[in-house]
Each structure stands twice: as structure tokens, then as C-alpha cells.
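Residue numbers (the numbering used here), protein chains in the order written: chain C, 1 to 310; chain H, 1001 to 1339.
Positions of the beta carbon are idealized from the N, C-alpha and C atoms, including for glycine.
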Amino acid sequence: MDIQSFFQNLINAMQWGSFYALIALGYTLVYGVLLLINFAHGDIFMVGAYIGFFVATFLLGSYAFHLPMVLPPHVVFMLTLLITMILTAGVGVTLERVAYRPLRRKGAGRLYIVITALMAGLILENGNLALLGASRRAFPDLIEKAVYTVGGVTFTNVKIIVILAALGVFLLLETIVRKTKIGMAMRAISYDRVAVPLMGIPIDTVIVFTFILGSSMAALAGVLFVSAYPVLEPYMGAMIGWKAFIAAVVGGIGEIRGAFVGGFVLGFIEIFVAAVFPSTFRDLIAFGILLLFLSLKPTGIFGVARAQKI
Amino acid sequence: MQRHLALMLYIAICGLIVFLVKAEWINAYIQIVIMFIGINIMLTTSLNLVNGYMGEFSCGHAGFMAVGAYATSILNIWFFTNGNLFGDALLSPSLSVILFPATLLIGGLCAALAGLLVAIPSFKTRGDYLAIITLAVNYIIKSAIENIQVIGGARGFMGMRKVVNAMSETFPLPWLMIWILVFTGLTVVVLHRFVSSTLGKGVVAVRDDEIAAEIMSVNTQRMKLIAFMVSSGLAGIAGGLFAHVLGYINPGSFTIMKSTEIMVMVYLGGMGSLGGSVMSAILFTVLMEFLRPLQVFKWVLIPLLLIVLMMFRPEGIMGHRELTDVFPKLRRLFPAREA
């Protein structure tokens, strides 16, 4: 592989890895606070994409009921991002309220909550399929595609936006978790769940805040994903969700840096394997490498093994 | 005579089913439903060994099913049919009646070897990390099959119909139904003997407290190895039978969705309860058929049912108990063995 195609693949891998990183951040936040693998997170990504689709088409005036003015496309894009993140955060909070909180109150074992998460994801997928039908939808073109070529490497402005968004989200989340009080509360809950409410910290509020953060990041990933690859279908979240989960674990689940790095690692592995080997081998080799890595270092790159008290 | 009452009851029920099929009093649809019930019972009980009795979270069971399905089908097509893939049949098609269980067992063996892929990482990891490893193994097996173009890859593999027909031509009985009933019974018997033996006690000890079990001289590595291999071997046999019921298999039917289906049945029935697994497999298959007119809403209703179950009765229908704990009178059917 010559140096030019190496850099081309590098840019592609950074973009692809950014999507995984954004979704993996949601998995990691919820795991760090609740010790729960939120298997429905990939489907929240899908819900975010669909909400973005409907908001964008509404703002563009495609329906009978529309706004009295005509908005320029980049304003529509900004508004879509904002509204989608808020609405998807609402979906995430509803999911937590309806599905996870009653089980937490009862003190149900972790396994039962994980199964509930799995089932909630299935309901979201198949509910979407049942309500909206199986036909794929095309996301409207909101960002004017500008193609830049630097030294033989071509990339679009969408790719740059995605990579910058992922970096920005990472910095934002690191700031929130390390510098704010509610971030301190989130870290405290991951250390000792029982002592935190005894200290007067409203545990429910912190958990709701965690879900809001995670779901809005997934919504951001969703809208960016359909801006880059403008096809929506009900099962788009399933595979990406599972892969982002594996990325989060490879990075070390419970650590924000881990999710970020793990997402990019998975993105690099997939793109470079597809570049070197025939593309049908991509998933096989990528998962094989991950399996090997997890067998050697089970806690992931940044993960800290939880000591077990006998 | 008293000792084998349950076995004779089961043989009587199987004989009745086979008679009804031969006399053509039940139509092909109900036959297929009964066959799927048998296959689901095998899958659910084998997964219950790992998820219920051993307490792991294995979400990759469909991968082992795929290995068994492909291994059995390839062997059968190679030995017993004339096709353009492998050429002429190596053995006479009439031998397929006797050798079908042999190929099934070889398929199960291949699946048990695939179970090593999950068993060996499980020595060092537990819980969430093992869940990912099982997921990855499921996906790796599916991807690997998709890349082997000789057996069709993603296009699928067919031709099992000829094997089933060859069996019926040799001796006019509904052989597939017979083999499914036989292997379902064998699976339940094998697993029941497994969990009531010291191996079973060791497996439950690993679930309850692995470190304490290790201290108490339970060889946890050996327990995990045996449990994973038995579980995936039985899933492989179920996969082989599944392939012959459908007559066509492709890697797309052995994805995480299939694994999730099997997990739903296990958690519905109750972890650590063989009777519960059997009951929930029967219930779930029949429920799926009843809900078929709803089409896609079926797949919204079933997860909803499980969520409601998790909220109000998380241990499943039977919890950790067996059928004889709920209906003590049934103990007459399973008298105690001598020490």
C-alpha cells in the first residue's frame, strides 16, 4: 500500500471510527454509572437518525403542515441537530424510566436489567419496522458537499465535520466528568452505589443526566451518519450498536478515554483490513483480532480490573 | 418396570405422533411445528446449561448451531446424494437411514470443538467480557461460513431434501420426525443426568462462587470446558436437524437474532430449570405460530412480554425449580435411583 492510499484510508478510518466512538461513549457512560450494558443504545442511534429525518424534512417544508418561511439548508442542519438531540434524549430518559428504573427499585439482579435492555432494543427496532414499514428512506441533502484534495488524498467536508464532532464531544464529556459537580457524582456512583444516596446526592437525577448525555451523543452520531450515508432503515442501529459495544469494551468499559480510543481502534482495524484483504473478510478478521485482544487483556486498553473481595 | 415409567411414557407419546403422521391425520404444517418444538427444546436446554446452571451470559449459541448444521449437511450431501457439488454419492443412499444419526453426531462433535473457542477465553474472563467474546465468536463463525465459497457462502447450501427422501424411500416411515423425537429425548436425558451428577454440582458451584469452588477442589477449568462443549455439541445436533427440516441453510439464519430468540426461551422458562426450558420452548414455539397473523407486531409483542416478565417474575416461569418440585406427585414417574 503506497503512502497516498495509506493516508486516504487513514482519513476514512478516522471518520468511521468517529461514529463508533460517539456511540461507544454512550455505552461507557451508562456502564460506568449503572454497571449496565445498555443494549438498546444502538437502537437509540437508529431512533435518533429517524427523528433527524423527520425533523429535517419537516423544516424543509416537505409536509402539508410546514413553517411559513424557507430556511437555508445549513440552518436546517443546525436546527435538526439540536432538536434531534433533545428529542432523542427524551427517548432515552423514557426508556430509563419505563424499563430500567422499576427493576432498579426492586433491586433486581444485573442480568435481568441487561435482558430488559436487549428486549427494549428489539422493541425499538421492530416497532419502527411495524410502524413505518420496511422501505428505506433517503435523508435530504443538507450540507453542501465540498471535496478537498490535499496531496492526492480526497476528503469531503462531511468527513471533517464528523471527526471534529467526535473530538469535540470527547473534550466536552471529559470536562463534564472531571470538572463539574454532576460529573463528580457520576464518578462517585461508579465507585460505590450504596454510599452515594446516603451522602445526599440524588441518584435518580444523576442517572437521568447520564442517559441524557449518552442518548444525545447517539443522536448526534445518527444525524451525522445519515448525512454521510443517506440511507435509513430500521435495522441500521443493530449491527453498529453491537460493534460500538465491542469497541467500548476493547477500550475499557467504564472509561471515557477507553470508549473514544476503542471506537477509533475498531474503525482503523475495519478500514485497513478491508483495504488489504478482500472485503468479505473484513468482519471475520476484525472480530478475530478483537477476540485475540480480549483474550490477552480482558479489561481492555484503559480498563481497570475490578478487584473481587472474597 | 417402575424405574422406566417416564421413559415409556415418552416413547408412547412419540409412537403416537409417528402413527398420526404415518396415517396422515395431522397435516404437514403441524408436523413442522412439532419438529420445530423438538429443535427448540434441544436448543433451549443446551443453552440453559451454560446460561442457567453455570451463570454465564452466552449470546452466541446460534454460531454452534450453524457449525453443526453445515457439518451435518455437507457430510450427508457428500455421502448420500448425487449432486454437482461433490459428484456421485460415496455410499448407497439407502444407508442414510442407519448413518443419519452418525452424521448428526459428527456435526455435534464439530460444534463441540467450536465451543472450545468460547470455553478457553472463559477461563480468564467472566460476565460482561465473556458476553462479548461469545458475540464475537457467533459473528466470526457466520463470517467464516460466508467466505467459504465452495459450500455456497452467503448464497446458502441446499440439497438436504434428497437425503430425507432417500431415507423415506428405503423404509416408508417419517424418519425426520423420528430422529427429532429421539434426539430431543436423548438431549433432555443427557442434560438431566449431567446436572444431577457431580459434574452438575460442580457447574452450579462455579455459578454460585467461583473462587470458593476453586478452593474447595472443584476444577473450575474442567467444569467450564465440559459445560461449554456439551452445550455447543447439543446445539450442533439441533442445527443439523434444523438444516434437514428446512432443506436449505444460509449463514444469515444464524445471527445474533437467532441467539436472542434462544435466550428469550431460556429466560422465559427459568434459568437452571430443565423442566422450565422444555415448557418454555413448547410455549414459545406455539405462541409464535399463534401470533403469526400479526406478522411484524409479533416481534414487538414478544420482547414486550419478556420485559413484563422481567418486571413481575424475573426468575421465569419455573424459576430455579424443576417440575417435580411444583407437582410432587410426579415423583412417581421418576423414582429415585439406588445410591
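Between the alpha carbons of residue i and residue j, how many angstroms are there, rounded?
| i | j | result |
| --- | --- | --- |
| H:P1121 | H:G1200 | 21 angstroms |
| H:F1297 | C:I115 | 20 angstroms |
| C:A218 | C:I182 | 20 angstroms |
| C:V250 | C:R187 | 20 angstroms |
| C:L122 | H:P1303 | 7 angstroms |
| C:A228 | H:F1254 | 30 angstroms |
| H:E1338 | H:M1265 | Residue placement at H:E1338 is poorly supported in this model, since its pLDDT is 43, which falls under 50; the coordinates still yield a value, given next. The alpha-carbon atoms of H:E1338 and H:M1265 are separated by roughly 34 angstroms. |
| H:H1320 | H:G1269 | 9 angstroms |
| C:M239 | H:E1146 | 17 angstroms |
| C:L124 | H:L1306 | 14 angstroms |
| C:G230 | C:M236 | One detail in the question is off: residue 230 of chain C reads as Pro in this sequence, not Gly. Taking the straight line from one Cα to the other gives about 12 angstroms. |
| C:M184 | C:L103 | 25 angstroms |
| C:G61 | C:H74 | 15 angstroms |
| H:F1284 | C:E144 | 51 angstroms |
| H:F1194 | H:L1186 | 12 angstroms |
| H:G1060 | H:F1183 | 22 angstroms |
| C:I189 | C:A195 | 8 angstroms |
| H:E1289 | H:A1023 | 24 angstroms |
| C:K179 | C:L172 | 10 angstroms |
| H:A1071 | H:S1280 | 28 angstroms |
| C:L294 | C:A89 | 32 angstroms |
| H:G1015 | H:I1178 | 9 angstroms |
| C:V158 | H:L1117 | 40 angstroms |
| C:A244 | C:Y50 | 19 angstroms |
| H:W1299 | C:N126 | 6 angstroms |
| C:E174 | H:G1115 | 40 angstroms |
Any beta carbon of chain A sitting closer than 8 angstroms to that of residue i?
| i | result |
| --- | --- |
| H:T1125 | Among the protein chains in the structure shown, which are C and H, there is no chain A. |
So, residue i versus residue j, is the Cβ gap smaller than 8 angstroms?
| i | j | result |
| --- | --- | --- |
| C:L29 | C:R110 | no |
| H:V1067 | H:G1236 | yes |
| C:Q15 | C:V162 | yes |
| H:S1231 | H:L1105 | no |
| H:L1176 | H:V1189 | no |
| H:L1043 | H:I1262 | yes |
| H:F1228 | H:L1130 | no |
| H:G1233 | H:A1069 | no |
| H:A1166 | H:P1251 | no |
| C:F264 | C:F19 | no |
| C:G267 | C:G48 | no |
| C:L129 | C:P234 | yes |
| H:Q1031 | H:F1123 | no |
| H:Y1053 | H:V1203 | yes |
| C:Y100 | C:A248 | no |
With DSSP as the reference, identify every bridge partner of residue i, one or two as the case may be.
| i | result |
| --- | --- |
| H:Y1248 | H:M1158 |
| C:R193 | None; C:R193 has no bridge partner. |
| C:V232 | Position check: residue 232 of chain C holds Leu in this sequence, whereas Val was assumed. Per DSSP, C:R137. |
| C:T28 | DSSP lists no partner for C:T28. |
| C:T156 | C:V147 |
The ligand NAD and residue i: does any heavy atom of the ligand fall closer than 7 angstroms to the residue's C-beta?
| i | result |
| --- | --- |
| H:Y1070 | Only the bare structure without any ligand can be found here, which leaves the ligand NAD out of the picture. |
Where does residue i sit, in a helix, a strand or coil, going by DSSP?
| i | result |
| --- | --- |
| H:F1327 | coil |
| C:A21 | helix |
| C:V150 | strand |
| C:S39 | At residue 39 of chain C the sequence reads Phe, which differs from the Ser that was named. Three-state result, C:F39: coil. |
| H:F1228 | helix |
| C:T84 | helix |
| H:G1127 | coil |
| H:G1087 | strand |
| H:L1309 | helix |
| H:S1196 | helix |
| H:D1208 | helix |
| C:M119 | helix |
| C:S227 | helix |
| C:D2 | coil |
| C:L10 | helix |
| H:G1239 | helix |
| C:T210 | helix |
| C:V70 | coil |
| H:H1061 | helix |
| C:P297 | Going by the sequence as given, residue 297 of chain C is Lys instead of Pro. In this structure, C:K297 counts as coil in the three-state DSSP scheme. |
| H:P1314 | coil |
| H:S1217 | coil |
| H:A1281 | helix |
For the pair the segment 74-83 of chain C and the segment 46-59 of chain C, tell me if three or more CB-CB distances fall below 8 angstroms. yes
ask   = Would the segment 36-46 of chain C and the segment 92-103 of chain C be scored as touching if the rule is three or more Cβ pairs under 8 angstroms?
value = yes
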